């Protein structure tokens, strides 16, 4: 999508000019006609800036807050009866994010070209999730787009709060681990070598802890280049592998088995599944399509594969509860709530309660996470300090004792 400079005349015959984003000159002309401007000339703007070049240091991104604000603004405009093309153009012109401005212009152009709204959103999968697109499609098909958008606002806000709680719970342990790692590197690379020369001159038999420190320091000083290259290479290939289909599936399964945080990650994915499933059922999406869409949006491919297994079972005619039990992911209490929902015909309501149940457990476990991590960090830090104290100061104490004895 490029930038075009235009000159034209409005409905009153006055001369107007400006700039807009479009796929090509014809698309730019269509946008101008949609705004009531008769184009006189349209020229593509040079990609070079005023200085002859344009350097983009960071790729623009759309944050969750910006997406929530956009969805809420779309809800307000559609509820007020504003045509969707005019709403998208207006939001694009007033938006400060260049990427979002470009996306909104592309959405408006797709609609002008005859595309439906859901298909236009589907052209931007990195920004709009399958759940987002499906809810827009249902709202557009039923004429209740504003209702679908306000449901999406609630869904996105809940996702944002969950991420904030996870980051808040892990912030302190992460800072402590980073600080310990930096301290270890400084001590090993700079502090221990200063003592090593003194210890070597003693010629005495050094304590075991001191020998460990000296060997570790010598190894780090000699091979830190190889260690850095090895760790960087490992990290590169590891990241590349877990971004592949098989690697992502393997990594998502392993994450659920991590001590302390594995159960939290599992409950977050199951809460997301229950809440999204309930939201889409209430919107009138068929149950099989719901499960297919939700399986791609739970944030964990391992659990997503289990949801696809549930969909296969339901397609064969099995009950939702029995297919959920076969995955081994849900507790007996949750399965009982699903069973009641099936029997009473209120699966969506019961799934909302299941999501509430999981979110309460997530809150409790997040509060306990810091209490569980602090003793482990204290024991680790205490052991580290003890080894350093014994390795560095024990020979000095022995030397002082020998000097005093003389």
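Residue numbers (the working numbering): 73 to 478.
Each residue gets a CB set at the ideal place from its N, CA and C atoms; glycine is no exception.
Keep in mind that this is a model prediction, so the values were computed, not measured.
Query raised in the report: Where DSSP assigns a beta bridge to residue 78, which residues make up the other side?
Result: Partner(s): 90, 114.
Report task. Give the secondary structure of residue 97 by DSSP, where H, G and I count as helix, E and B as strand, and everything else as coil. Result -> The answer is helix: DSSP assigns residue 97 an H, G or I state.
Query raised in the report: What is the rounded straight-line gap between the Cα of residue 154 and the Cα of residue 163?
Result: The alpha-carbon separation between residue 154 and residue 163 amounts to approximately 12 Å.
Query raised in the report: Does the segment 364-379 come close enough to the segment 452-469 to have 3 or more Cβ pairs within less than 8 Å?
Result: The answer is no - the segment 452-469 does not touch the segment 364-379, with fewer than three Cβ pairs under 8 Å.
Report task. Please confirm if the segment 426-439 is in contact with the segment 337-356, defined as three or more CB-CB distances below 8 Å between the two stretches. Result -> Three or more Cβ pairs closer than 8 Å define a contact, and the segment 426-439 meets that threshold against the segment 337-356.
Requested in this report: Use the C-beta contact count for residue 347: other C-beta atoms within 10 angstroms, 16 or more gives buried, fewer gives exposed.
Outcome: When all chains shown are included, residue 347 counts as buried.
Query raised in the report: Between residue 123 and residue 287, what straight-line distance do the alpha-carbon atoms span, to the nearest angstrom?
Result: Low confidence applies here, because residue 123 scores a pLDDT of 42, under 50, leaving its location unreliable and the question unanswered by this model.
Query - Short Cβ contact (8 Å threshold) for residue 176 with residue 160 - result: The answer is yes: Cβ separation under 8 Å.
**Report entry** Cβ contact check for the segment 361-372 and the segment 188-205: 3 or more pairs under 8 Å
**Finding:** Result yes; three or more Cβ-Cβ pairs closer than 8 Å.
Report task. Determine, using beta carbons only, whether residue 171 and residue 208 come nearer to each other than 8 Å. Result -> A distance of 8 Å or more separates the beta carbons of residue 171 and residue 208.
Report task. Report back the beta-carbon spacing between residue 108 and residue 82 to the nearest angstrom; my notes put them in contact at under 8 Å. Result -> Residue 108 to residue 82, Cβ: 6 Å. Contact.
**Report entry** Outcome for residue 409 when other beta-carbon atoms lying within 10 angstroms are tallied against a minimum of 16
**Finding:** Taking all protein chains shown into account, residue 409 has 16 or more neighbouring C-beta atoms within 10 Å of its C-beta and is therefore buried.
Query raised in the report: Exposed or buried, which one is residue 393 when buried takes at least 16 other CB atoms within 10 Å?
Result: Under this definition residue 393 is a buried residue.
Query raised in the report: When we look at the beta-carbon of residue 324 and count the other beta-carbons within 10 Å, is it buried (16 or more) or exposed?
Result: Buried, since its Cβ has 16 or more Cβ neighbours within 10 Å.
Query raised in the report: From residue 127 to residue 352, what does the alpha carbon distance come to, in whole angstroms?
Result: For residue 127, the pLDDT reaches just 44, beneath the cut-off of 50, and the residue's location in the model is therefore unreliable, although a value from the coordinates is still provided. Going from the Cα of residue 127 to the Cα of residue 352 covers about 43 Å.
Report task. Could you tell me how far apart the beta carbons of residue 350 and residue 220 are, in whole angstroms, since I believe they sit closer than 8 Å? Result -> 14 Å between Cβ atoms; not a contact.
Query - Meets three-Cβ-pair contact criterion under 8 Å: the segment 242-259 and the segment 213-229 - result: Segments in contact, no.
Query - Rounded C-alpha distance that separates residue 119 from residue 77 - result: Bear in mind that a pLDDT of 44 at residue 119, under 50, signals an unreliable position, so the number given afterwards is only what the model happens to contain. Their backbone Cα atoms lie some 12 Å apart in a straight line.
**Report entry** Separation of residue 236 from residue 94, as counted between CA atoms
**Finding:** Straight across, the Cα-Cα distance linking residue 94 with residue 236 is about 36 Å.
Requested in this report: Report, in whole angstroms, the separation of the C-beta atoms of residue 195 and residue 157, which I expect to be a contact under 8 Å.
Outcome: About 16 Å separates the CB atoms of residue 195 and residue 157; that is not less than 8 Å, and the two are not in contact.
Query - Close Cβ partners of residue 282 (< 7 Å) along its chain, the five nearest in sequence each way excluded - result: Closer than 7 Å at the Cβ level, and outside the excluded window around residue 282, lie 271, 463, 466, 467.
Query raised in the report: Should residue 382 go down as buried or exposed, given a rule of 16 or more other Cβ atoms within 10 Å for buried?
Result: Of the residues assessed, residue 382 falls on the buried side of the cut-off, its CB having 16 or more other CB atoms within 10 angstroms.
Report task. From the DSSP output, in three-state form, read off residue 167 for me. Result -> Residue 167 falls in the coil class under three-state DSSP.
Requested in this report: Assuming residue 91 and residue 184 form a contact by the criterion Cβ under 8 Å, report the distance between their Cβ atoms to the nearest whole angstrom.
Outcome: Incorrect: roughly 18 Å between the Cβ atoms, too far for contact.
Query raised in the report: Taking all protein chains shown into account, do 16 or more other C-beta atoms lie within 10 angstroms of the C-beta of residue 334, making it buried, or fewer, making it exposed?
Result: Under a 10 Å Cβ-count criterion, residue 334 is classified as exposed, with fewer than 16 other Cβ atoms of the shown protein chains found around its own Cβ.
Query raised in the report: Out of curiosity, what's the CA-to-CA distance linking residue 136 and residue 230?
Result: A direct Cα-to-Cα measurement between residue 136 and residue 230 gives close to 11 Å.
Query raised in the report: What is the DSSP secondary structure of residue 188, reduced to helix, strand or coil?
Result: In the three-state DSSP reduction, residue 188 falls in the coil class, being neither helix nor strand.
**Report entry** Distance between residue 331 and residue 150 (C-alpha atoms, nearest Å)
**Finding:** C-alpha separation (whole angstroms): 47 Å.
Report task. Helix, strand or coil for residue 183, going by three-state DSSP, please let me know. Result -> Here residue 183 sits in helix by DSSP.
**Report entry** Extent of the continuous alpha helix (DSSP H) to which residue 310 belongs
**Finding:** Bounds of the alpha helix (DSSP H) holding residue 310 are 280-314.
Report task. Return helix, strand or coil for residue 248, following the three-state DSSP convention. Result -> In the structure shown, residue 248 adopts helical secondary structure according to DSSP, grouped into three states.
Query raised in the report: If we count the other Cβ atoms within 10 Å of its Cβ and call it buried at 16 or more, is residue 440 buried or exposed?
Result: Under this definition residue 440 is an exposed residue.
Report task. Please report the residue range of the alpha helix (DSSP H) in which residue 341 lies. Result -> Start and end: 334-354.
**Report entry** Buried or exposed (CB count within 10 angstroms, at least 16 for buried), residue 289
**Finding:** Answer is buried; the Cβ neighbour count reaches 16.
Query - residue 161 - DSSP class collapsed to helix/strand/coil - result: Here residue 161 sits in helix by DSSP.
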